[in-house]
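Student:
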Amino acid sequence: MPAKKKATARPAKRAAKKPVKKPDAKKAAKKPVKKPDAKKVVPPKAAPAKPSGGPTPQSLRGMKDILPSEQKFWGFVRDKMVEMAEAYSYERIDTPILEATSLFVRSVGKQTDVVEKEMFSFEDRGGDNVSLRPEGTASAARAYINHGMVNLPQPVKLYYIGPMFRYERPQHGRTRQHHQFGVEVFGDDHPIIDAEVILLSYLVYKELGVKVVVHINSLGSAESRPNYLAELTAYYRSRRSQICEDCKRRLAKNPLRLLDCKDPGCSAVKEGAPHIVDYLDEASKNHLMRVLEYLDDLQVPYVLNPHLVRGFDYYSRTVFELLPVEEQEGGQTALGGGGRYDSLVEDLGGRPTPACGFGIGVERAILFMKSQGVEPPEPRRPDIFLAQLGDTARRKAFALFEEFRSHGIKAAANFSKGALKNQLEIANRLGARYTLILGQKEVLDGTVLIRDMESGMQEIVDLNKAVNVMKKNLGK
RNA sequence: GUGGCCAUAGUGUAACGGUUAACACAGCAGGUUGUGGUCCUGCUAAUACGGGUUCGAUUCCCGUUGGCCACCCCA
């Protein structure tokens, strides 16, 4: 269809260019359009060039198609994630993509960037305020409460994988729709839970064939954190003249970020800044130490990073992030992150329930694999290709296809092609090990020609025995 | 949201403001009858969109859209 369109469009272009009097040509073309009656003058040339409704729709900003050529990565990564979660006896949960906006306001936090300016929020037709989920933990906690999972044996271990939405400016590794794999453990505050969750996130990447390091920190309890923040801001405020513009903003908005500044002037100030670990309450400090001990036992590589902060309000105590072992050039480098959120369930109206979890970005995992040169296994190639010549053979081959498939032989075919040459070409491209040729002659004789695509050797086989012969050839 | 860089066939690249926008890969069709990988030939296919400057714009300017980079934030 496009060919036709453009074939007519091109001469039209030329015609418009050659005469040089472009303006006139334009006017001539425009005038009739404005007259309602003149419509019929246009169609011969203009109509085919742009069919009906304007330019071809594009995908929205920050929204990507995942093309067939990418699917081997996606399949591989998804399978590994699911495999690991289930190996550690997590059970799958799928929650709706659309939730009440208030869910995220109450969990992620009203003044976090994600809620404040990155949600796809709108009023639905009934007047309810709803949002495309920006992350997965809030929904999992909501489901835990809604379905009375407190009554299940604790801890309840869940995993999910699906799309998340954030209205941000897209960049490499950052899109408006991305996918996350995550796990959540509800109902257990033992530090070994934190360790298991961290281990699992680490193992996913290990299974994917890339090296990551865990950055870990403790934010303390909801009670102890304000003390530290007060100390930190007081410290920085007294040295306000020495820090960069960005840090002045951070001081007001997100003080913990101050400790992340790369500005040389600020680094000096940073040296003397109070350390969060010194302000942790005893219980949180103890909790962190025990998590670290478990990680040592498990030989999970980690660095204690007192500057680590997370952007969601529900975190308390343990927070962690997964980063590439070697420094990466540009782009977004956090490969996953999570932590403990002991008060979230209660904040959402459930019974007090400690919890811990993480999220891993599927796109970032894939990007990271690619940057490290890790290739997923090639998808299974067809065992056989069914080639046919003539309509009788075509129909027979069509039926045969299903017979092979039902016997566990992966078949491929392109029944709409006529020439044998074409079909062999396709068989070759698909990497089929054998091509079965069914022509007029074979149909009459009740046979089929089996061609070994590697050696080029061919043998004629009774059609009834074809399945068994192929099973033997393929070692099935 | 702020600032910056960029935008040519499906992909990767070319084209002093001036004839028909070039090349490679991919795709499609051929190189007689029923045989793939190599080779040869041909074909399809692009200046993101909208304005402006100019005799003339892929090229210069503005806007829009999109991508990328930094900030911010995060997966």
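Each position in the first sequence, counted from 1, maps to that position plus 107 in our numbering.
By construction, the Cβ of each residue, glycine as well, lies at the ideal position given by its N, Cα and C atoms.
Taking DSSP as the reference, what is the three-state secondary structure of Tyr195?
Tutor: Position 88 of the first sequence, counted from the first residue, corresponds to residue 195. In the structure shown, Tyr195 sits in coil (DSSP, three-state: anything other than H, G, I, E or B).
Student: Buried or exposed, going by whether 16 or more other CB atoms sit within 10 Å of the CB of Pro298?
Tutor: Here residue 298 corresponds to residue number 191 of the first sequence, with the count starting at 1. Label assigned to Pro298: buried.
Student: According to DSSP, simplified to helix, strand and coil, what is Thr340?
Tutor: Within the first sequence, residue 340 is the residue found at index 233, counting from 1. DSSP, read as helix, strand or coil, puts Thr340 in helix.
Student: Within 10 Å of its beta-carbon, does Pro459 have 16 or more other beta-carbons around it, so buried, or fewer, so exposed?
Tutor: Indexing the first sequence from 1 puts residue 459 at position 352. Exposed, because fewer than 16 other Cβ atoms sit within 10 Å of the Cβ of Pro459.
Student: Pop quiz: Pro461 and Asp296 are said to be a contact at Cβ under 8 Å. What is the actual Cβ separation, rounded to whole angstroms?
Tutor: On the first sequence, position 354 is the one that residue 461 refers to. On the first sequence, position 189 is the one that residue 296 refers to. The distance from the Cβ of Pro461 to that of Asp296 is about 4 Å, consistent with a contact at the 8 Å cut-off.
Student: Kindly indicate the opening and closing residues of the alpha helix (DSSP H) around Glu510.
Tutor: For this step, residue 510 is matched to residue 403 along the first sequence. Asp498 to Ser513 is the extent of the alpha helix (DSSP H) around Glu510.
Student: What residue does the alpha helix (DSSP H) around Ala375 start on, and which one ends it?
Tutor: For the purposes of this step, residue 375 is taken as residue 268 along the first sequence, with counting starting at 1. Looking at the DSSP string, the run of the alpha helix (DSSP H) that includes Ala375 is Pro371 to Glu378.
Student: Is it right to say Ser238 is buried, meaning 16 or more other beta carbons lie within 10 angstroms of its own, or is it exposed?
Tutor: Numbered from its first residue, the first sequence carries residue 238 at position 131. Looking at its Cβ environment, which holds 16 or more other Cβ atoms inside 10 Å, Ser238 is buried.
Student: Express the C-alpha separation of Gly294 and Ile82 in angstroms, rounding to a whole number.
Tutor: Lying before the first or after the last residue shown, residue 82 is absent from the chain, which here runs from 108 to 583.
Student: Of the residues Leu265, Gly280 and Ala519, which one's Cα is nearest the Cα of Ser196?
Tutor: Here residue 196 is taken as the residue at index 89 of the first sequence, counted from 1. Comparing Cα-Cα distances from Ser196 to each of Leu265, Gly280 and Ala519, the minimum goes to Leu265.
Student: Touching or not, the stretch 172-190 and the stretch 496-510, by the rule of three or more beta carbon pairs under 8 Å?
Tutor: no
Student: Which residue from Arg332, Glu206 and Asp353 puts its Cα closest to that of Ile383?
Tutor: In the first sequence, the residue the question calls residue 383 occupies position 276. If we check each option's Cα against that of Ile383, Arg332 comes out closest.
Student: State the Cα-Cα distance for the pair Phe180 and Arg281, rounded to the nearest angstrom.
Tutor: For this step, residue 180 is matched to residue 73 along the first sequence. For this step, residue 281 is matched to residue 174 along the first sequence. Their Cα atoms are separated by approximately 18 Å.
Student: With DSSP as the reference, identify every bridge partner of Tyr267, one or two as the case may be.
Tutor: The residue given as residue 267 occupies position 160 in the first sequence. Tyr267 pairs with Gly289.
Student: Can you tell me where the alpha helix (DSSP H) with Arg536 in it begins and where it stops?
Tutor: To locate residue 536, count along the first sequence from 1; it is residue 429. Per DSSP, Arg536 belongs to the alpha helix (DSSP H) from Leu527 to Leu537.
Student: With three or more beta-carbon pairs closer than 8 Å as the criterion, would you say the stretch 365-376 touches the stretch 259-279?
Tutor: no
Student: Exposed or buried, which one is His254 when buried takes at least 16 other CB atoms within 10 Å?
Tutor: Position 147 of the first sequence, counting from 1, holds the residue named residue 254. Exposed is the call here.
Student: Verify whether the separation of the beta carbon atoms of Asp449 and Ser423 is less than 8 Å.
Tutor: The residue labelled residue 449 in the question sits at position 342 within the first sequence. The residue labelled residue 423 in the question sits at position 316 within the first sequence. Yes, the Cβ-Cβ distance between Asp449 and Ser423 is below 8 Å.
Student: Output the distance between the C-alpha atoms of Pro260 and Val317, rounded to the nearest integer angstrom.
Tutor: The count along the first sequence starts at 1 and reaches residue 260 at position 153. The count along the first sequence starts at 1 and reaches residue 317 at position 210. So the two alpha carbons sit approximately 35 Å from each other.
Student: Out of Phe522, Arg488, Phe492 and Pro483, which has the shortest C-alpha to C-alpha gap to Arg502?
Tutor: Locating residue 502 in the first sequence gives position 395, counting from the first residue. Of the listed residues, the one whose Cα sits closest to Arg502 is Phe522.
Student: Identify every residue that forms a DSSP beta bridge with Arg447.
Tutor: Translated into the one-based positions of the first sequence, residue 447 becomes position 340. The partner list for Arg447 (beta bridge, DSSP) reads Ser423 and Cys463.
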